[in-house]
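Numbering (my numbering), first residue to last: 1 to 305. We put the beta carbon where it would ideally sit given N, CA and C, even for glycine. Take a look at the structure set out below.
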Ligand code: CP
């Protein structure tokens, strides 16, 4: 029996396989019946210290559909942080104003720290280049929906594998499902060794490429990522790699019929718009799945599912 009541979600590794599957099961219930007033007496604090469209608004949409009230901010400059208030004190205050805190912050490790300060459950909505576990849950849900299984798949990840937090979380999760990993990136943006070690520890395989065409026909999922300009200290380094992995419709000849392309979004130029019209494009539905998965997470963590 899985019980997630009160359980923080900071890293995808905080949950196990059984818990992932339980969240996906609840998400499917919400997809079939999204408006369920289960959290009418709850207040969700949504605090974003870094820009977001999908994560923030899908959390807020999910909370509204569950009947919860949402407080928070998306512009930290308008909070007392601008007067020098610490993250510690901000989280202490939010713990007394809300039943659950959802936070995005550009500093790696800030989510773990905030979860330890908080006296209410805490969900990490992205901390720097480290983790994005709720995106990972919706990625798992999207893979399950499109492939009919999470087991034994060839997962190809493309682009900025160094700074892309979503791929770090997704590799760790897919290590539970006997995945074979293929990484396509320029030399400068390769998957970090610490994440590759997770694959080795799970006795699974990965291979690395610089040209996406080498691996398209073997892939069940192609997970594209944006080169994360905001994480580069040297703008010239960004210019050098920004156009290194671009997927166009012409690259898709010879791919499996059921291959689907995911992307956490926002996209810049790494998926040409001619891909959008192909049956392989799934990134907009993927973002929609985020509402159901975030409903499932909040409902499970607040003990109403
Ligand atoms: N996928 C994702 O995290 O998008 P946002 O940055 O718009 O929230």
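(Q) Using the three-state DSSP reduction, which class does residue 284 fall into: helix, strand or coil? (A) As a position in the chain shown, residue 284 is number 284, starting the count at 1. It is helical.
Q: Return the CA-CA distance between residue 150 and residue 239, expressed in angstroms with no decimal places.
A: Numbered from its first residue, the chain shown carries residue 150 at position 150. Numbered from its first residue, the chain shown carries residue 239 at position 239. Approximately 36 Å, taken between the alpha carbons.
Q) Alpha carbon to alpha carbon, how far is residue 27 from residue 290? A) Locating residue 27 in the chain shown gives position 27, where the first residue counts as 1. Locating residue 290 in the chain shown gives position 290, where the first residue counts as 1. C-alpha separation (whole angstroms): 9 Å.
Q) Exposed or buried, residue 20, counting other C-beta atoms within 10 Å across all chains shown (16 or more means buried)? A) By 1-based counting over the chain shown, the position of residue 20 is 20. Per the 10 Å Cβ criterion, buried.
Q) How many Å lie between residue 68 and residue 40 at the Cα? A) Against the chain shown, residue 68 aligns to sequence position 68. Against the chain shown, residue 40 aligns to sequence position 40. So the two alpha carbons sit approximately 5 Å from each other.
Q. Hey, residue 47 and residue 107: beta-carbon distance below 8 Å or not?
A. Numbered from its first residue, the chain shown carries residue 47 at position 47. Numbered from its first residue, the chain shown carries residue 107 at position 107. The answer is no: Cβ separation not under 8 Å.
Q) If residue 220 and residue 259 are in contact, beta carbons under 8 Å, what's the gap, nearest whole angstrom? A) Here the question's residue 220 lines up with position 220 in the chain shown. Here the question's residue 259 lines up with position 259 in the chain shown. Between residue 259 and residue 220 the Cβ distance is about 6 Å, and since that is below 8 Å, they are a contact.
**Q.** Inside the stretch 168-201 only - beta strand (DSSP E) runs reaching at least 3 residues
**A.** 180-184
Q) Taking the alpha carbon of residue 13 as the point to measure from, which residue in 127, 53 and 171 has its own alpha carbon closest? A) On the chain shown, position 13 is the one that residue 13 refers to. Ranking 127, 53 and 171 by Cα distance to residue 13 puts 171 first.
(Q) Looking only at its chain, what residues have a beta carbon closer than 7 Å to the beta carbon of residue 62, apart from the 5 residues adjacent to it on each side? (A) Your numbering for residue 62 matches position 62 in the chain shown. The answer, listed in chain order, is 291, 294, 295 and 298.
(Q) Can you check which of these residues, 181, 208 and 120, is closest to residue 42 by C-alpha distance? (A) If you number the chain shown from 1, residue 42 lands on position 42. With distances taken between Cα atoms, residue 42 lies closest to 120.
Q | Neighbourhood of residue 136 by C-beta distance below 6 Å, restricted to the same chain and skipping five residues each side | A | In the chain shown, residue 136 corresponds to position 136, counting from 1. Counting only Cβ-Cβ distances below 6 Å, and skipping sequence neighbours, we find 12, 169, 170 and 173.
**Q.** At least three beta-carbon pairs within less than 8 Å, the stretch 191-200 to the stretch 221-238
**A.** no
(Q) Considering Cα atoms alone, identify which of 86, 287 and 256 is closest to residue 105. (A) Translated into positions along the chain shown, residue 105 becomes position 105. Nearest of 86, 287 and 256 to residue 105, Cα basis: 86.
**Q.** Check whether residue 98 and residue 123 have beta carbons under 8 Å apart
**A.** Locating residue 98 in the chain shown gives position 98, counting from the first residue. Locating residue 123 in the chain shown gives position 123, counting from the first residue. Result no, Cβ atoms of residue 98 and residue 123 do not sit closer than 8 Å.
**Q.** Segment limits, alpha helix (DSSP H) that includes residue 65
**A.** As a working note, residue 65 is residue 65 in the chain shown. 54-65 is the span of the alpha helix (DSSP H), which, as asked, contains residue 65.
Q: For residue 166, count neighbouring C-beta atoms within 10 Å of its own C-beta (all shown protein chains included) and say buried if the count is 16 or more, exposed if not.
A: By one-based count along the chain shown, residue 166 stands at place 166. It counts as buried.
Q) In chain order, what are the residues with a CB under 5 Å from some non-hydrogen atom of ligand 1? A) 52, 53, 54, 55 and 264
(Q) Just to confirm, is the Cβ distance from residue 144 to residue 24 under 8 Å? (A) Translated into positions along the chain shown, residue 144 becomes position 144. Translated into positions along the chain shown, residue 24 becomes position 24. Yes. Within cutoff.
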